[in-house]
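Colleague:
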Amino acid sequence: MNPYVVTLLLTSLGLGTTLTFMSSHWLLAWMGLEINTLAIVPLMAQKHHPRAVEATTKYFLIQATAAAMILFAASTNAWIMGQWDINQMSHPVTSSMAMTALALKVGLAPLHLWLPEVLQGITLTTGLILSTWQKLAPLALIIQTANYAHPFLLTILALSSTLVGGWGGLNQTQLRKVLAYSSIAHLGWMILVSQMAPQMTLIALATYIVMTTATFLTLNNINCTKTITLASAWTKAPTLAALACLMLLSLGGLPPLTGFLPKWLIIQELASQGLAATATVIALTALISLFFYLRLTYAVTLTLSPQTSYASTPWRVQAKQPTLALSIFTVMATCLLPITPTIYSLMT
675 MNPYVVTLLL TSLGLGTTLT FMSSHWLLAW MGLEINTLAI VPLMAQKHHP
725 RAVEATTKYF LIQATAAAMI LFAASTNAWI MGQWDINQMS HPVTSSMAMT
775 ALALKVGLAP LHLWLPEVLQ GITLTTGLIL STWQKLAPLA LIIQTANYAH
825 PFLLTILALS STLVGGWGGL NQTQLRKVLA YSSIAHLGWM ILVSQMAPQM
875 TLIALATYIV MTTATFLTLN NINCTKTITL ASAWTKAPTL AALACLMLLS
925 LGGLPPLTGF LPKWLIIQEL ASQGLAATAT VIALTALISL FFYLRLTYAV
975 TLTLSPQTSY ASTPWRVQAK QPTLALSIFT VMATCLLPIT PTIYSLMT
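675 is the number of the first residue of the sequence shown in the working numbering; add one for each residue after it.
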């Protein structure tokens, strides 16, 4: 793709998200979401592969449906309450409708079925944008409207997302689908506390973006999209393969890695709010997710590909890929837990 076109599309992505961030009017927020969708569609379809075109078509239809629902909810709220303000979505029907539309837009269960299929059909780089940047604008709207949503609706969306995110990833061999189900599970954790402690949602979102970016950059660097190719990654980049294990375990939320930070704070917040049963259920669903992260870690460290060569390969041409971003995000994905008090004090 022409670099000028790529620059224009990436600028439009940034513009759409910024417009949604700064807007207090539903029409402006809707415009930002639409700019975001239209900017990423050419990036998804740039390979002209049938699978990429199929994934792009699915993504466009789902996002258009969600945008139409958001516009319908906002106009209905303006008709009933006389308000277009995002922070005044006080009617129970319109607030539930808007929350359902935003859940469809980010891929929360049970409205998640499009996300694994779409992520499987696109490249790792575009998948990184879809899994991180494209979540920002809808989540900003979710945080702003969460106070008016029914707590039962948020709890159902959150618990079903963590459960589906764990179960769905159990028998996957495609790494992009695994990361899609990982995204669904992490979104469930964010949504659960969006009403009672939005700062926890921001902490969970920030750590999720750091860990997911590090994982996608690692897989892109060693060119792995399947579990079986991950098993032979140590022959190409042994250090990176070892770090990939730590990043996967961090996504699973094991201490002393960064991924433990948001889970710890969210469970603590739930317990302090008297929601011990909810905290117990979501902690148990995290164990299901941890299983498939451990399975991937086992594939990297303790299994050998059937065609693995045991000889060293000094003739292998070294890949000339930029690794500064990978290094920064890898350190952040594994080493931020000791500064949890600092992060918590800054966010609260």
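Quick reminder that beta carbons are idealized off the backbone N, C-alpha and C, glycines included.
Between G795 and the rest of its own chain, which residues show a CB-CB distance below 7 Å, the 5 nearest in sequence each way excluded?
Modeller: Numbered from 1 along the sequence shown, position 121 holds the residue referred to as residue 795. The answer, listed in chain order, is R725, A726, E728 and A729.
Colleague: Please report the Cβ distance between M870 and E943, rounded to the nearest whole angstrom; I am assuming they are in contact, meaning their Cβ atoms lie under 8 Å.
Modeller: To locate residue 870, count along the sequence shown from 1; it is residue 196. To locate residue 943, count along the sequence shown from 1; it is residue 269. Contact holds; Cβ gap of about 7 Å.
Colleague: Which residue comes first and which comes last in the alpha helix (DSSP H) that contains Y967?
Modeller: Here residue 967 refers to the residue found at position 293 when the sequence shown is read from its first residue. A950 to T975 is the span of the alpha helix (DSSP H), which, as asked, contains Y967.
Colleague: Quick one: any contact between the segment 962 to 971 and the segment 862 to 879, if contact means 3 or more CB pairs under 8 Å?
Modeller: Cβ pair count under 8 Å is below three, so no.
Colleague: According to DSSP, simplified to helix, strand and coil, what is K1023?
Modeller: Nothing can be reported for residue 1023, as the shown portion of the chain is limited to 675 through 1022.
Colleague: Of the choices V867, K809 and L925, whose alpha-carbon is the least far from that of F826?
Modeller: For the purposes of this step, residue 826 is taken as residue 152 along the sequence shown, with counting starting at 1. Among V867, K809 and L925, the Cα nearest to that of F826 belongs to V867.
Colleague: Quick check on K900: does DSSP put it in helix, strand or coil?
Modeller: In the sequence shown, residue 900 corresponds to position 226, counting from 1. Looking at K900 - three-state DSSP - the assignment turns out to be strand.
Colleague: Does the beta-carbon distance from F695 to L810 come in below 9 Å?
Modeller: Taking the first residue of the sequence shown as position 1, residue 695 is located at position 21. Taking the first residue of the sequence shown as position 1, residue 810 is located at position 136. In contact: F695 and L810 (Cβ atoms closer than 9 Å).
Colleague: Look at I744 and W788 and say whether their C-beta atoms are less than 9 Å apart.
Modeller: Your numbering for residue 744 matches position 70 in the sequence shown. Your numbering for residue 788 matches position 114 in the sequence shown. Cβ atoms of I744 and W788: not closer than 9 Å.
Colleague: Take L831 and list the residues in its own chain whose beta-carbon comes closer than 6 Å to its own, dropping the five residues that flank it on each side.
Modeller: As a working mapping, residue 831 is identified with position 157 in the sequence shown. A777, L782 and I865.
Colleague: Look up H860 in the DSSP assignment and say whether it is helix, strand or coil.
Modeller: Your numbering for residue 860 matches position 186 in the sequence shown. H860 falls in the helix class under three-state DSSP.
Colleague: Judging by CA-CA distance, which residue of I956, L928 and N897 is the nearest neighbour of C1009?
Modeller: Stepping through the sequence shown from its first residue, residue 1009 is reached at position 335. The shortest C-alpha separation from C1009 is found at L928.
Colleague: So what's Q848 in DSSP terms, helix, strand or just coil?
Modeller: In the sequence shown, counting from the first residue as 1, residue 848 sits at position 174. Three-state DSSP puts Q848 in a strand.
Colleague: Just to confirm, is the Cβ distance from T892 to T1004 under 9 Å?
Modeller: Numbered from 1 along the sequence shown, position 218 holds the residue referred to as residue 892. Numbered from 1 along the sequence shown, position 330 holds the residue referred to as residue 1004. Taking 9 Å as the Cβ cut-off, T892 and T1004 qualify as a contacting pair.
Colleague: Could you check how far apart the C-beta atoms of T1031 and S924 are, in whole angstroms? I think they sit under 8 Å.
Modeller: In this structure the chain extends from 675 to 1022, so residue 1031 is not present and cannot be described.
Colleague: In chain order, what are the residue ranges of uninterrupted alpha helix (DSSP H) at least 4 long that sit wholly in the segment 884 to 945?
Modeller: Entirely contained in the segment 884 to 945, the alpha helix (DSSP H) runs reaching 4 residues are, in chain order, 901 to 904 and 912 to 926.
Colleague: Taking the alpha-carbon of P936 as reference, which of I883, L949 and L904 has the nearest alpha-carbon?
Modeller: One-based indexing of the sequence shown puts residue 936 at position 262. Residue I883 is the option with its Cα nearest to P936.
Colleague: Short check: CB of N710 to CB of Q818, under 9 Å?
Modeller: Position 36 of the sequence shown, counting from 1, holds the residue named residue 710. Position 144 of the sequence shown, counting from 1, holds the residue named residue 818. For N710 and Q818, no; Cβs fall outside 9 Å.
Colleague: In or out: P996 buried (at least 16 other Cβ within 10 Å) or exposed?
Modeller: Start at 1 with the first residue of the sequence shown, and residue 996 comes out as number 322. Its Cβ having fewer than 16 others within 10 Å, P996 is exposed.
Colleague: Cα-Cα, which of A719, S770 and V780 is closest to A820?
Modeller: Translated into the one-based positions of the sequence shown, residue 820 becomes position 146. A820 has its Cα closest to that of S770, out of A719, S770 and V780.
Colleague: For H699, list the residues DSSP reports as bridge partners.
Modeller: Against the sequence shown, residue 699 aligns to sequence position 25. Partner(s): D759.
Colleague: Quick check: the Cα distance between R969 and A945, rounded to an integer number of angstroms?
Modeller: Numbered from 1 along the sequence shown, position 295 holds the residue referred to as residue 969. Numbered from 1 along the sequence shown, position 271 holds the residue referred to as residue 945. Rounded to the nearest angstrom, the two C-alpha atoms are 30 Å apart.
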